[in-house]
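Trainee: I'd like to ask you about the structure that follows.
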Amino acid sequence: MWESLLEFLVQGIILGGLYALFAVGLTLIFGVLEVINIAHGEFFALGGYLVFAAVVLLGLRPVVGIVAASLGAFAVGLAVYPLLLAPLRRRLGRRPYGALYLVLTLGLSTFMQNGLLAVAGGEYLQVPPHVAGILDLSFTALSYQRILVFVVAMALLAGLFAFLLLHRQGLAVRAVAQNPEAAQAMGINLGRIFSLTIALGVGLAGAGGALIAPQFNVYPAVGLPLTIKAFAITILGGMGNLLGALVASLVVGVTESLAVMVIPSEWQNLIAFAVMVLVLLVRPQGLLGRAVVR
Amino acid sequence: MTTRGTWLGGLAVAAILLPLAVPHPFVLTIATQALIWALLASSWDLLSGYAGQVSFGHAGFFVLGGYTAAITSKSLGLSAWLGVWLGALLAAVVGLAVGFPALRLRGHYLALITLGFAEILRLVAQNWLSLTGGPFGIYGYATFSGLPADPLLRRQALYVVVASLFAMAVIGERTPAGKAFRAIREDELLAATLGIHTTRYKLLAFALSSGFAGLAGTLYAYYVLLVSPTLASPATTALVIGMAVFGGLGTIWGPAAGALLLYGVNEALRFVGVVYNLIVVGLIIMTFVIFVPEGLAGVVRRRPAPRVRRSPPARSTDASRSIGG
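Same order as they appear, the protein sequences are chains A and B. According to this note's numbering, numbering within the first sequence proceeds without interruption in unit steps and concludes at 294. According to this note's numbering, numbering within the second sequence proceeds without interruption in unit steps and concludes at 1325.
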């Protein structure tokens, strides 16, 4: 009993690490631009395809593939603001825009997902584990692949937090999140920060897709369930709250993992949505959030 | 007669004459399915285009109607004539229930809660094997009884769709409720200050919209005779929103026309490759949201340039600018 509990706990934390990589990027984008990126999962899929191309097709080393996939998603992400969001922002001017951005990123999601389908086909592509071998703890066995996902995810998130706390551009990102007008008055180029933020967020998703590719396989819609789950996580953590998203990811990962002991696994995905609906009804600012009126 | 009336009238005449003019099963099947999508897109427009409450869960209401119809006919053996209304009614009631959180949430949060709702329904449809048949869905149930066996004569679905489109257009444009919807879309606080019971009207918009979406679902179920969980996927919602944005928000006939055209393009592209349909849908959504916010409706309305000097345009009563918020 205790051994299996511990086993599911460890599995849950590792799952939570992946969720965090995804959800922190999503909530970062929301915090700075007030845009919910419905196409986030497609960048996750893009990362998977890029690592497949690098490792399986070109025979490069996994580490090269993962870096290339992250940079690829980052580069595509750089184009999202100038090509899509900025024109809409220009048209709407100062009017509230809210849901139109959702519709726009929904279009991007549909486009990217089916673009990947057209280019790569619908098969489930398999990527060999980035690292082989299994770590034998006494109560459970963990493949190094899983450990790699978790460790790299945490390292990337630590890097992101350090960037936001210490680097000049990171400070600028936070300034824009707090007050765009004041940040602009201080000489910060809003368009550049918006582009950078989206690229950072989807770059993390691409890294996640590349890291987890051996476990999830690669197919065009691979990111979709994760996107919807990440919405639940970001709401749980408070929209725009990075630390909240990190904590909520671990909470959801562990909860899902432990719930397998109680309810059948095919209902596992329901938990996150049930939690989301509940949180929206009871505490819309999220568990860690403060009530904010914007 | 207004543009709206002309369009809807033309659509109605076309729907009634089509089976007589082109008595070909393929054409008729395509036309019927296109009209069912038109109904779904217009029902989304009633809630999101008129009342400004953007739903990302219309696939959920659609599937709820479809599964209710299929289950009542297959498991309970009820007539399709009953199942159609049961499905629509259940969808309306559930829509009312989903609408309650909408009273407190707006914009992003409303979109996410409706998306979560549709996803929950999809998972239930996929996993509750004994009730829903699991991933393969439900098939092998009876459609409308007492109709001629010749499928060419089964065009009742066309009439129901056209009547529903008319009903929604009338609700949106000619009733106090429609005015209240538009007032809420433009400025909810102002609407409330003017004495509009915003709570009541938002719930009404939810119930009506989800009811019509459910009706589209039941018609789909009885026409295609197969319902499966993939219908509830976000791709369905994306398609519907794409159709509505393409046609023009807040006009009812715009989304209907957008749906007919997109569905036509879809069917035409089927010969090229199924994948390209949705690429086109994605491109259309992005292009129209950014550059053609009024959709086809705006393009059509703009064309007859008035000779008289234009009075300054009224300050936005245009759904494409004011939904969400």
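For glycine and all other residues, C-beta sits at the position ideal for the given N, C-alpha and C.
(1) If we ignore side chains and look at the alpha-carbon of each, how far apart do residue 188(A) and residue 172(A) end up?
(2) By Cβ distance below 6 angstroms, which residues in the same chain neighbour residue 216(A) in space, the five residues on each side in sequence not counted?
(3) Near residue 283(A), which residues of its chain fall below 7 angstroms by C-beta distance, leaving aside the five closest residues on each side in sequence?
(4) Compute the Euclidean distance between the alpha carbons of residue 158(A) and residue 274(A), then round it to the nearest angstrom.
(5) Which residues, in chain order, does the region 1099 to 1115 of chain B contribute to contact with chain A at a C-beta distance below 9 angstroms?
(6) Whole angstroms is fine: what's the gap from residue 250(A)'s alpha carbon to residue 238(A)'s?
(7) Check whether the Cβ of residue 383(A) lies closer than 9 angstroms to any Cβ atom in chain B.
(8) Go to residue 171(A), then tell me how far its alpha helix (DSSP H) extends in each direction, as first and last residue.
(9) Grouping DSSP H, G and I as helix and E and B as strand, with all else coil, what is residue 1284(B)?
(10) For residue 1131(B), which option in 1182(B), 1119(B), 1070(B) and 1232(B) has the closest C-alpha, if you only look at C-alpha atoms?
(11) Residues in the same chain with beta-carbon distance under 8 angstroms from residue 104(A), minus the five sequence neighbours each way, listed in chain order, please.
(12) Using beta carbons (cut-off 9 angstroms, strictly below), is residue 82(A) in contact with chain D?
(13) Among the residues of its own chain, which have a CB less than 8 angstroms from the CB of residue 152(A), if the five just before and after it don't count?
(14) In chain order, what residues of the same chain lie with their CB nearer than 7 angstroms to the CB of residue 1326(B), ignoring the 5 residues before and after it?
(15) Taking the alpha helix (DSSP H) that residue 71(A) belongs to, which residues open and close that run?
(16) Could one say the Cβ of residue 110(A) lies closer than 9 angstroms to chain B's Cβ atoms, at least one of them?
(17) I need the DSSP call for residue 101(A), collapsed to helix, strand or coil.
(18) With DSSP run on the structure shown, which of helix, strand or coil describes residue 1187(B)?
(19) Does the beta carbon of residue 107(A) sit closer than 9 angstroms to a beta carbon anywhere in chain B?
(20) Ordered along the chain, which non-local residues of its own chain (more than five positions away) have a Cβ less than 7 angstroms from that of residue 1113(B)?
(21) With DSSP collapsed to three states, give me the class of residue 1315(B).
(22) Leaving out five residues on either side along the sequence, give the residues of the same chain with a beta carbon under 6 angstroms from the beta carbon of residue 1084(B).
(23) Let me see if you follow: with CB-CB separation under 9 angstroms, is residue 211(A) close to chain B or not?
(24) Taking Cβ-Cβ distances below 8 angstroms as the criterion, which residues of the region 163 to 197 of chain A are in contact with chain B?
(25) Spell out whether any CB of chain B is found under 9 angstroms from the CB atom of residue 249(A).
(26) List, from N- to C-terminal side, the alpha helix (DSSP H) runs of 4 residues or more that fit wholly inside the region 1122 to 1149 of chain B.
(27) Nearest to residue 1252(B) by CA position, among 1089(B), 1297(B), 1189(B) and 1141(B), is which residue?
(28) Of all Cβ atoms in chain B, is any one closer than 9 angstroms to the Cβ of residue 280(A)?
(29) Measure the alpha-carbon distance for residue 214(A) versus residue 271(A) and round it to whole angstroms.
(30) If you measure beta-carbon to beta-carbon, which residues of the region 231 to 243 of chain A are closer than 8 angstroms to chain B?
(31) Find the nearest neighbour of residue 1214(B) within the set 1111(B), 1139(B) and 1058(B), judged by alpha-carbon distance.
(32) What residues match up with residue 987(B) in a beta bridge as DSSP calls it?
(33) Exposed or buried, which one is residue 4(A) when buried takes at least 16 other CB atoms within 10 Å?
(34) Figure out for me which residue from 144(A), 129(A) and 127(A) has the closest Cα to the Cα of residue 135(A).
(35) To the nearest angstrom, how far is it from the Cα of residue 1038(B) to the Cα of residue 1281(B)?
(36) Using the C-alpha atoms, what's the distance from residue 1299(B) back to residue 1305(B)?
Mentor: Quick answer:
(1) 7 angstroms
(2) In chain order, 222 place their CB closer than 6 angstroms to the CB of residue 216(A), counting only its own chain and leaving out the 5 sequence neighbours on each side.
(3) none
(4) 30 angstroms
(5) 1100, 1101, 1104, 1105, 1106, 1107, 1108, 1109, 1110, 1111, 1112, 1113 and 1115
(6) Annotation: residue 250(A) to residue 238(A) spans about 14 angstroms, alpha carbon to alpha carbon.
(7) For residue 383(A) there is no data in the structure shown, the boundaries of chain A being 1 and 294.
(8) 168 to 178
(9) helix
(10) Of 1182(B), 1119(B), 1070(B) and 1232(B), the residue nearest in Cα terms is 1070(B).
(11) Hits under 8 angstroms: 84, 85 and 88.
(12) Any reference to chain D falls outside this structure, whose protein chains are A and B.
(13) 66, 207 and 211
(14) The question about residue 1326(B) has no answer here: the residues shown for chain B are numbered 1001 through 1325.
(15) 62 to 80
(16) yes
(17) helix
(18) Reduced to three states, the DSSP call for residue 1187(B) is coil.
(19) yes
(20) 1101 and 1105
(21) Low local confidence applies: a pLDDT of 49 at residue 1315(B) is under 50, so the model's placement there is unreliable, with the coordinate-based value given in what follows. When secondary structure is reduced to three states using DSSP, residue 1315(B) falls in the coil class, being assigned neither helix nor strand.
(22) 1218
(23) no
(24) Within the region 163 to 197 of chain A, no residue has a Cβ that lies closer than 8 angstroms to any Cβ of chain B.
(25) no
(26) With a minimum length of 4 residues, the unbroken runs of alpha helix (DSSP H) contained wholly in the region 1122 to 1149 of chain B fall at 1129 to 1132.
(27) Per the Cα distances, 1297(B).
(28) Yes, residue 280(A) counts as interfacial toward chain B.
(29) 25 angstroms
(30) 231, 232, 235 and 239
(31) 1058(B)
(32) In this structure chain B extends from 1001 to 1325, so residue 987(B) is not present and cannot be described.
(33) By the 10 Å Cβ count, residue 4(A) comes out exposed.
(34) 144(A)
(35) 15 angstroms
(36) Low confidence applies here, because residue 1305(B) scores a pLDDT of 48, under 50, leaving its location unreliable and the question unanswered by this model.
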